[in-house]
Structure formats: structure tokens, C-alpha cells
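Notes to accompany the following structure.
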Amino acid sequence: MNSTIYTTPPSHPSSLFPNITLCKTIKHFKQVHAHMIKTAQIHDPLAAAEVLRFCALPNNRDIHYARKVFDQMRQPNCFSWNTIIRALAESNDDGKPLAALLFFFQMVCDASVEPNQFTFPSVLKACAQSSRLKEGMQVHGLVVKYGLDSDEFVVSNLVRMYVMCGVMKDAHLLFIRNLIEFDEGDEVVRNHKKKEEGNVVLWNVMVDGYVRLGEFGAARELFDSMPQRTAVSWNVLISGYAQNGLFKEAIEMFREMQMGDVCPNYVTLVSVLPAISRFGALELGKWVHLYAEKNGIEIDDVLGSALVDMYSKCGSIEKALQVFERLPRKNAITWSTIIGGLAMHGRANDALDYFSMMERSGVTPSDVTYIGVLSACSHAGLVDKGRSFFSHMVKAVGFEPRIEHYGCMVDLLGRAGHLEEAEELILNMPIKPDDVIWKALLGACKIHGNIEMGRRVAEVLMDMVPHDSGSYVALSNMYASSGNWEAVADVRLMMKEMDIRKDPGCSWIELDGEIHEFLVDDDSHSRAKEIHSMLDEIANQLRLIGYRPDTSKVLLNLDEEEKESALQYHSEKIAVAFGLICTSPHTPLWVVKNLRICEDCHSSMKLISKIYKRKIIIRDRKRFHHFEHGFCSCKDYW
DNA sequence: GTAGGGTTAG
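Numbered per UniProt numbering, the first sequence finishes at 638, counting up by one with no gaps.
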């Protein structure tokens, strides 16, 4: 018995069978199992339990195998039943939660076993996952019948079941009742503390419920009234905000947590990073990275992906690459993130190189990976490459293209000037086109000055999303650039009649960890006066080197002088002016803008980067522009 | 045996 798996001393009964937990691979495990069957050791209930436990473990879960082992047991005990139910309930596959429930009801009918306090959490989880209120309530009845309605694990899962089924009233009732019961008759402080800790799970489940329902007010109110909070309490809100687009709230919550006495943990960082990314708050993102390193929080593929995404979206693609390279494990999401990041920065060739590296490393690209690849081709105008990746994905790989893939293709073809082909693709694709895809085509019409198609597309859009200002603005701009001021006036009148306002342009710049927000023509900042004189100085400098603003893209039909000043105060210019005032020479400036950068701002930024010898990195709603020495990384193709 | 997590067309 020299083999490493026969390590348990033979005196102990469980050591009569090899130590399953030492199996490194499924193959190894199956060999050991076969050996146990051959030697009849499998009839030892403990041995069988060990086998069952192994194939139900989250990492090597094989439910079919586990079921077979279970079915061959002479007398499965409560533990055996629980193992199968838990494995089924925890699996996210369709139908598995239902299977868990059916299996549980079978268990209840079986006279030889009785469900215990370990059975119900899994069963309730299965009800919660599949939103089966009716079954959940039946299970609740059984909980009471078996006298388990004061077990804290059972209770929190009961509350969670009601929460997930959207019955907050019942959840709340159960929550309140159990809080009171926990507090009754507490004489020993230690005991009380333990119960408070039990309570915090209940509170968290409730806050999570309101977050899931999108009732952030109620969630926040409950959170604020919690007697004590754990990291999970904070994480529920931070991730809830971030996943629902409330990035500002997520970041504010995170900042508040930083100041309190509960330390952010792994999940906190993973949850807050997407919000930091969307906001482009590089300084905060760096803090998170450093925090993980200092506090021994493992940067695995999940946290790593979030960090890579943060660095790319905050403009620091080099840092993103650095984090990526250092990751010990990279999965499809990690690769998709870096490929998408490179695409966003216009580094199409690098993106495609990474795609080949991904394939060589043995990680299978997902459909999301192809979105990054196609978007790289589209940002760099690689029409043929894009076409061939698309058909490869469909024909060789067999992925059904999603609207995002078609979106990339429409953008790729349209921007390269193949407007008809792009339009045909939209009309012939098997998915219903959405506003985003039409907007991509509209943008292409604008670039190539195809007013006829532009009008047609804009009409589709006005029908589809009547209150979205985008199509009106694009149409108006198209007329304006062709000098058709009458048509511009018509569009403007239509907008006025329908009370449609142009989305205000908005830019952010983060200085010393503080985010400064500027709107178009914004003069509300405390240092507005200085900003204005800086803007004037910039305008003068630009004029001195012979720059004449491109006024053709302004929405209004103003006289030349007025138009020039309307351009001058686009939010990104204000943010850059502010950045120039507040930072020392040569410091790069990072600005994030909610809309696309306009042509005039784009030309001005190139010159500003030259005049002031600054690297200016602007993230618009679609991609990055790195301005340096008078040039932009997008090579004026965007 | 409880609560919280990363990528996705413009």
C-alpha cells in the first residue's frame, strides 16, 4: 500500500476503503470506486457516503454518477438524500431545481428516512431558484411539521424563498417574527451576540430581496436600520446598484464602506469594479487593485477579469495588459475582456493576436469573445477580416449570431462605406433589429453623407424610440452639414412639439480621487472663472496656429460667431481646461464623456495635445481616443 | 448546511 491514496491507517473503519478525498482527477476517482465495488467495500455506508460526497462536490460535480451511486445504496440515509438534493439545488442548469424538489418529495414519502435541518435549506433554495411559491409553501408546512421552524439556517432560507418568489409581505412577516424570537430570553451576552450574528443573515436576505425587486429605497432604508452589518450587507447593495446601472450610488456606497469599520472583501471588489469601470474612475480603480494586493485578496481569474476591464475602461490599456499577463489562470471571460479592451483602444491587431493566443492556450472562445474580435475589426476598418471572422463563427464554430454580432457587422460595413450591404444585413437578419443597430447605420450615413438613407433610417428610429433624441439630433446634424437649414428648422420644430430634448453632453475628470462633472456650457463649478479664462486662452492659442472651428456639426442655425462659442463649451473641453489648470505640466489628462466626441472637439484635442504637450485620453461612449503630439490613436477613423 | 461576484454591438 505505497500509493499516495492509501494513506489512512487501517485501524479506523473508514480507512478500509481508500481515501477518496485524495483523488486528484475524476478518472482516478472512478478507478478507486471500481475497486471498492469489486471488493464489496462499497456496502460500507461510510464508504458509499464518501463516494457520493465526492461526485457531488461543486468542482467535480457529476449528478448522473451520483444518482447511480445513490440508487445502488442498500439503505440510503438522510445524509445520502441530502447530498443529492443539495447537488441538484445548487446546480444552475434548467430543470435541476425541479429535480431537487421531486427528489425531496420522494424522500418525504420514504418511510425509512426523515428530512432534517440540513435537508430544508437546499430544498428551499431549489424553490427560490425556480420561483416556485406553491411548492415553497408546502415545504414551509413540512418545516413546521418537523419542528425545524426555529433553525436559523432553515428560517433564513424560508425568508429567502419568499423573497425570491417576490412575496415580500410574507418574507417580511417571517423576518420580523424570527427577529423577535431570537431576541427573547437572552440572558447571556455571548449567546445574544451569536443570535445577532444569526440575525444579520436574515437582514441581508431581506435587503437583497428589495434590491432584486428594484426597490432600492426600501432596500436602503432597511440597510440603514440594521443593528449590525457584515461585508455581505454592503456587498448586496453595492452589487445591486452596479448591476442596475446605478454606478454613482455603487461608488458612493463603496466610499462609505471604506470609511466604516467593515472591511471590503473579495466580493466587494468584484462588485464595485464594474461601477468604477463605467465611471472611468482610474484613481479609485487603482486603489482597489492596491487594496487587494495589500490585504492578500487573491487576484484570480474572476477578480482579474474585473481589474483588466477596469484598467481598459479607465483608459490604461497597458496596465490592463500587465494585470492580464500576471494572472495565474485565464478563462474565456478573462480573454474576452482583454480582447474587448484592446478593441476599444483601437488596437485591432493586438486584439486579433490575443485571440490567436487564446485559441492556442486551449481556452474555447465564447460568443462574447467574437463580439470583441468583430468590434476590433470594426474600429480599425478591417472589413475583410471582420467578414471572415463572422462567417467562421457561424459556419465553423456554429454560434448563432446575436444582435451584438450583427451590430458589429453593420458598424463595420457601414463605416467602411458599404451602406447598402449594411442595410441589407439588418433587413435580412433573423433577429428583430433594435434601435442600437439602426443607430449604427444612421451613424454610418452621417459619416458618408448619405442623407437619403439617413432620413429613412431616422424615420424608422423615430417610430421605434419616439422619445430618444439621438435620431433627431443625427438627422438635424446631417441636414446642417449639407447646409439645408430649412430642414434643420423642421426637425427642431418637431423636437419642440414632441418635447424632445437633446441629451446633455457630460464629461468627467478625476483629480486627486475626486470626480468633477461638467455639462455643456457648464459654469457651475466653484472654479468656473478660472476655467473660463483657460478656455479663452485655449481658443486663442488654437486661432494663433490657424485653427478654424468646424461649425458644420452644430445643431442650431446660428451665425458663425455664435456657433463658434457653442462649440467652445462642449463638456470635454471644459473638463480638459480644468485638468490643465489643476495638474502640473506633462501630466496626462483622462476624461470620460457620455456621448460621442464631436468632430470639432476631436480636431481641437489633437492640437491641444500638441500645444500644451499633454497626453489627453478621452473615452467617449464608444471607444478611446489617445491624443498625443497632435495625433489621435483612432487615426481619425471612429 | 445560510447572504454577495467578472466579459457582451453604438
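Ideal placement from N, C-alpha and C gives every residue a C-beta, glycine not left out.
Tell me the rounded alpha-carbon separation between Tyr146 and Glu114.
Along the first sequence, read from residue 1 onward, the residue named residue 146 stands at position 146. Along the first sequence, read from residue 1 onward, the residue named residue 114 stands at position 114. The alpha-carbon atoms of Tyr146 and Glu114 are separated by roughly 9 Å.
Any contact between the stretch 522-539 and the stretch 571-586? By contact I mean 3 or more CB pairs, one from each, below 8 Å.
A contact exists between the stretch 522-539 and the stretch 571-586.
Figure out for me which residue from Val163, Glu249, Asn178, Asn235 has the closest Cα to the Cα of Ile210.
Taking the first residue of the first sequence as position 1, residue 210 is located at position 210. Here the sequence assigns Tyr to residue 210, which means Ile is not the residue at that position. Nearest option by C-alpha distance: Val163.
Quick check on the DSSP output: the alpha helix (DSSP H) that includes Ser507 runs from which residue to which?
For this step, residue 507 is matched to residue 507 along the first sequence. Looking at the DSSP string, Ser507 is not in any alpha helix (DSSP H); the run it does join, the beta strand (DSSP E), is 506-511.
How about Leu542 and Ile608: do their beta carbons lie closer than 9 Å?
Locating residue 542 in the first sequence gives position 542, counting from the first residue. Locating residue 608 in the first sequence gives position 608, counting from the first residue. Going by C-beta atoms, Leu542 is nearer than 9 Å to Ile608.
Only counting the same chain, and skipping five residues up and downstream in sequence, which positions put a Cβ closer than 8 Å to that of Ser131?
The residue labelled residue 131 in the question sits at position 131 within the first sequence. If we look at Ser131 and ignore the five residues flanking it on each side, its Cβ neighbours are Met164, Cys165, Gly166.
What residue does the beta strand (DSSP E) around Ile618 start on, and which one ends it?
Against the first sequence, residue 618 aligns to sequence position 618. Element bounds for Ile618: 616-619.
As an exercise, report each continuous alpha helix (DSSP H) stretch of at least 4 residues that is fully enclosed by the stretch 52-135, in chain order.
For the stretch 52-135, whole alpha helix (DSSP H) runs of length 4 or above, ordered along the chain, are 63-71, 78-90, 96-109, 119-129.
Taking just the CA atoms, how far does Lys38 sit from Ile56?
The count along the first sequence starts at 1 and reaches residue 56 at position 56. The count along the first sequence starts at 1 and reaches residue 38 at position 38. Note on residue identity: the sequence assigns Ala, not Ile, to residue 56. Answer to the nearest angstrom: the Cα atoms are 22 Å apart.
Taking 9 Å as the threshold (C-beta atoms), are Leu595 and Cys506 in contact?
Position 506 of the first sequence, counting from 1, holds the residue named residue 506. Position 595 of the first sequence, counting from 1, holds the residue named residue 595. It is a contact, given that the beta carbons lie within the stated cut-off.
Determine the burial state of Gly214: buried for a count of at least 16 other Cβ atoms within 10 Å of its Cβ, exposed for fewer.
By 1-based counting over the first sequence, the position of residue 214 is 214. It counts as exposed.
Let me make sure I understand the geometry here. Which of Ala111, Gln129, Leu101 has the alpha-carbon closest to that of Thr119?
As a first step, residue 119 is located in the first sequence; it is residue number 119 there, counting from the start. Of the candidates Ala111, Gln129, Leu101, the one whose C-alpha sits nearest the C-alpha of Thr119 is Leu101.
Given a cut-off of 9 Å, decide if Asn265 and Asn235 are closer than it, judged by their beta-carbon atoms.
Within the first sequence, numbered from 1, the residue matching residue 235 stands at position 235. Within the first sequence, numbered from 1, the residue matching residue 265 stands at position 265. Result yes, Cβ atoms of Asn235 and Asn265 sit closer than 9 Å.
On the premise that Gly372 lies in contact with Ile339, defined as a C-beta separation below 8 Å, what is that separation, rounded to the nearest angstrom?
For this step, residue 339 is matched to residue 339 along the first sequence. For this step, residue 372 is matched to residue 372 along the first sequence. Their Cβ separation, rounded to whole angstroms, is 4 Å, which keeps Ile339 and Gly372 in contact under 8 Å.
What residues in its chain sit with their C-beta under 6 Å from that of Phe399, if we drop five residues either side in the sequence?
Looking up residue 399 in the first sequence gives position 399. Hits under 6 Å: Asp367, Met393.
What's the call for Glu135, buried or exposed, on a 16-neighbour Cβ count within 10 Å?
Here residue 135 refers to the residue found at position 135 when the first sequence is read from its first residue. So Glu135 ends up on the buried side.
Skipping 5 residues on each side, what residues in its chain have a beta carbon closer than 6 Å to that of Glu318?
Here residue 318 refers to the residue found at position 318 when the first sequence is read from its first residue. Within the same chain, Glu318 has no close Cβ partners at all.
Buried or exposed, going by whether 16 or more other CB atoms sit within 10 Å of the CB of Gly546?
Counted from its first residue, the first sequence places residue 546 at position 546. Gly546 is exposed by the Cβ-count criterion.
What is the DSSP secondary structure of Ile515, counted as helix, strand or coil?
Here residue 515 is taken as the residue at index 515 of the first sequence, counted from 1. Note: Ile515 maps to strand in three-state DSSP.
State the Cα-Cα distance for the pair Arg621 and Leu174, rounded to the nearest angstrom.
As a working mapping, residue 621 is identified with position 621 in the first sequence. As a working mapping, residue 174 is identified with position 174 in the first sequence. The alpha-carbon atoms of Arg621 and Leu174 are separated by roughly 45 Å.
Near Phe103, which residues of its chain fall below 8 Å by C-beta distance, leaving aside the five closest residues on each side in sequence?
As a working note, residue 103 is residue 103 in the first sequence. The answer, listed in chain order, is Trp81, Ile84, Ile85, Leu88.
Thinking C-alpha only, which one of Asn77, Gly141, Ala126 is nearest Ala111?
Stepping through the first sequence from its first residue, residue 111 is reached at position 111. Among Asn77, Gly141, Ala126, the Cα nearest to that of Ala111 belongs to Asn77.
Is His525 helix, strand or coil when you go by DSSP?
The residue you call residue 525 lines up with position 525 of the first sequence. His525 falls in the coil class under three-state DSSP.
Based on Cα-Cα distance, which residue from Glu221, Gly346, Glu423 lies nearest to Gly443?
Along the first sequence, one-based indexing puts residue 443 at 443. Comparing Cα positions, the closest option is Glu423.
Check the C-beta distance from Met253 over to Ile276 and give it rounded, since I have them as a contact under 8 Å.
One-based indexing of the first sequence puts residue 253 at position 253. One-based indexing of the first sequence puts residue 276 at position 276. That belief does not hold up - the Cβ atoms of Met253 and Ile276 are roughly 12 Å apart, past 8 Å.
What are the uninterrupted segments assigned as alpha helix (DSSP H) that are 4 or more residues long and contained completely in the stretch 427-453, given in chain order?
Those alpha helix (DSSP H) runs which fall completely within the stretch 427-453 and span 4+ residues are 435-447.
Taking the straight line between their C-alpha atoms, what separation do you get for Val488 and Gly449?
Working through the first sequence from its first residue, we reach residue 488 at position 488. Working through the first sequence from its first residue, we reach residue 449 at position 449. Spanning the two alpha carbons is a distance of roughly 15 Å.
Using 8 Å for Cβ pairs, my map puts Gly346 next to His379. What's the rounded Cβ distance?
Translated into positions along the first sequence, residue 346 becomes position 346. Translated into positions along the first sequence, residue 379 becomes position 379. Gly346 to His379, Cβ: 5 Å. Contact.
Going by alpha carbons, who is nearest to Met226 out of Leu179, Gln258, Arg212?
Locating residue 226 in the first sequence gives position 226, counting from the first residue. Here the closest residue by C-alpha is Leu179.
Relative to the C-alpha of Ile618, which candidate in Ala242, Lys593, Met168 has its C-alpha closest?
Taking the first sequence and counting its residues from 1, one reaches residue 618 at position 618. Looking at the Cα atoms, Lys593 is the closest of the given residues.
Within the continuous alpha helix (DSSP H) that includes Lys294, where are the two ends?
As a first step, residue 294 must be located in the first sequence, where it is residue number 294. Lys294 -> alpha helix (DSSP H) spans 282-294.
From this set, Lys125, Asn295, Asp301, Ser604, which residue's C-alpha is nearest Glu325's C-alpha?
Locating residue 325 in the first sequence gives position 325, where the first residue counts as 1. Comparing Cα-Cα distances from Glu325 to each of Lys125, Asn295, Asp301, Ser604, the minimum goes to Asp301.
Report, in whole angstroms, the separation of the C-beta atoms of Gly414 and Leu441, which I expect to be a contact under 8 Å.
Here residue 414 refers to the residue found at position 414 when the first sequence is read from its first residue. Here residue 441 refers to the residue found at position 441 when the first sequence is read from its first residue. Yes, Gly414 and Leu441 are in contact; Cβ-Cβ is about 5 Å, under 8 Å.
Suppose you measure from the CA of Thr369 to the CA of Ile333; what does that come to, to the nearest Å?
Taking the first sequence and counting its residues from 1, one reaches residue 369 at position 369. Taking the first sequence and counting its residues from 1, one reaches residue 333 at position 333. Taking the straight line from one Cα to the other gives about 8 Å.
When you compare the CB positions of Thr230 and Val205, do they come within less than 9 Å of one another, or not?
Stepping through the first sequence from its first residue, residue 230 is reached at position 230. Stepping through the first sequence from its first residue, residue 205 is reached at position 205. Against a cut-off of 9 Å, the Cβ pair of Val205 and Thr230 comes out as no contact.
Could you check where the alpha helix (DSSP H) with Leu213 kicks off and where it finishes?
Taking the first sequence and counting its residues from 1, one reaches residue 213 at position 213. Per DSSP, Leu213 belongs to no alpha helix (DSSP H) and is neither H nor E.
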